[in-house]
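Colleague: The opening position of the sequence shown corresponds to residue 6 in my numbering, with each subsequent residue numbered one higher. Sharing a structure here in structure tokens format.
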Amino acid sequence: MQLIDTQNLSDDLRPLGKIDYTHNPGEFFLLFAGKDVLSILIKYPSKPMLVKGVSYDTDEPGYNLDQFELPISALPWLIDTIENKFWKKASEGGLSGDVLHVDSEIEGEELRIRFSPNCGDEGIQGFTLKNYSRKGRYVDWMEVQLPYTLLREDGMLDLLKDISKRYQEKAL
Numbered sequence: 006m007q008l009i010d011t012q013n014l015s016d017d018l019r020p021l022g023k024i025d026y027t028h029n030p031g032e033f034f035l036l037f038a039g040k041d042v043l044s045i046l047i048k049y050p051s052k053p054m055l056v057k058g059v060s061y062d063t064d065e066p067g068y069n070l071d072q073f074e075l076p077i078s079a080l081p082w083l084i085d086t087i088e089n090k091f092w093k094k095a096s097e098g099g100l101s102g103d104v105l106h107v108d109s110e111i112e113g114e115e116l117r118i119r120f121s122p123n124c125g126d127e128g129i130q131g132f133t134l135k136n137y138s139r140k141g142r143y144v145d146w147m148e149v150q151l152p153y154t155l156l157r158e159d160g161m162l163d164l165l166k167d168i169s170k171r172y173q174e175k176a177l
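Below is the structure:
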């Protein structure tokens, strides 16, 4: 997996937006469109570390990075699963309380959205989105955590809806 170089964007990547994560000041999410792929780059404050005499530098000055990718065509499924399955009661057409994840295969990629009671921090509810078809930096899959506050208050869900709409209208 090659991390997006935000200082030297390749010609095939288009910036789509930036979301500041208010729960963790200094952390933010950058969204990019590639050829039919949505990339989410997470930048979070960090300092170089010394572990057992070995120095580990940051990915960028003052920041470490993580990245998640999925087909842009998966956004309607992702949005619908969040809003109409997880956030609605079973009596309103949502999932029953004992269902913790939903899987889908889109464009040949195996995706999972899972409820996370400790999403990035203890007691912070949200979702963990996994793509088992793309290799991450350190594991055989990619994942990103999307806390409810990031989705609702910070505007991530609205941005994802806008990107999905523009993609469906072929306006990206």
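For each residue, glycine too, the CB sits at the ideal point set by N, CA and C. Quick caveat: nothing in here was measured; it's all calculated off a predicted structure.
Three-state secondary structure (DSSP) at proline 81?
Modeller: If DSSP states are grouped into helix, strand and coil, proline 81 belongs with the helices.
Colleague: In chain order, what residues of the same chain have a beta carbon less than 7 Å from the beta carbon of aspartate 17, not counting five sequence neighbours either side?
Modeller: For aspartate 17, where only same-chain residues beyond five positions count, the Cβ hits under 7 Å are Gly39 and Lys40.
Colleague: Residues bridged to arginine 147 by DSSP?
Modeller: Residue 147 is actually methionine in this sequence, not arginine. Asn136, per the DSSP bridge assignment.
Colleague: How should methionine 147 be labelled, buried or exposed, when 16 other C-beta atoms within 10 angstroms of its C-beta is the threshold for buried?
Modeller: By the 10 Å Cβ count, methionine 147 comes out buried.
Colleague: In terms of alpha-carbon separation, which member of Lys175, Arg139, Asp145 and Gly131 lies closest to glutamate 158?
Modeller: For the residues Lys175, Arg139, Asp145 and Gly131, the minimum Cα distance to glutamate 158 belongs to Gly131.
Colleague: Tell me the rounded alpha-carbon separation between lysine 170 and glutamate 74.
Modeller: If you take the alpha carbons of lysine 170 and glutamate 74, they lie about 18 Å apart.
Colleague: Unbroken beta strand (DSSP E) runs of length 3 or more, entirely within the stretch 90-131: which are they?
Modeller: Fully enclosed beta strand (DSSP E) runs of 3 or longer: 106-111 and 114-121.
Colleague: Can you give me the start and stop residues for the alpha helix (DSSP H) that arginine 171 sits inside?
Modeller: Segment 161-173, the alpha helix (DSSP H) holding arginine 171.
Colleague: Just mark aspartate 145 as buried or exposed, buried being the case when its beta carbon has 16 or more other beta carbons within 10 Å.
Modeller: Per the 10 Å Cβ criterion, exposed.
Colleague: For serine 15, is the classification buried or exposed, using 16 other Cβ atoms within 10 angstroms of its Cβ as the cut-off for buried?
Modeller: Under this definition serine 15 is an exposed residue.
Colleague: List the whole-angstrom C-beta distance separating tyrosine 26 from phenylalanine 37, where the pair is believed to meet the contact cut-off of C-beta under 8 Å.
Modeller: Incorrect: roughly 17 Å between the Cβ atoms, too far for contact.
Colleague: Within its chain, find whatever has a CB closer than 8 Å to the CB of serine 60; leave out the 5 residues flanking it on each side and keep chain order.
Modeller: Contacts found: Pro53 and Met54.
Colleague: Using a Cβ-Cβ cut-off of 6 Å (strictly less than) and excluding sequence neighbours within five positions of isoleucine 129, which residues of its own chain qualify?
Modeller: Taken in chain order, the residues that qualify are Pro152.
Colleague: Would you decide whether glycine 4 is buried or exposed? Buried here means 16 or more other CB atoms lie within 10 Å of its CB.
Modeller: An answer regarding residue 4 cannot be provided, because it is not within the stretch 6 to 177 covered by the chain.
Colleague: So if DSSP puts glutamine 12 in a beta bridge, which residue, or which two residues, is it bridged to?
Modeller: DSSP output for glutamine 12 lists no bridge partner at all.
Colleague: Can you look up tyrosine 26 in the DSSP assignment and give me helix, strand or coil?
Modeller: Of the three classes helix, strand and coil, the one that applies to tyrosine 26 here is coil, per DSSP.
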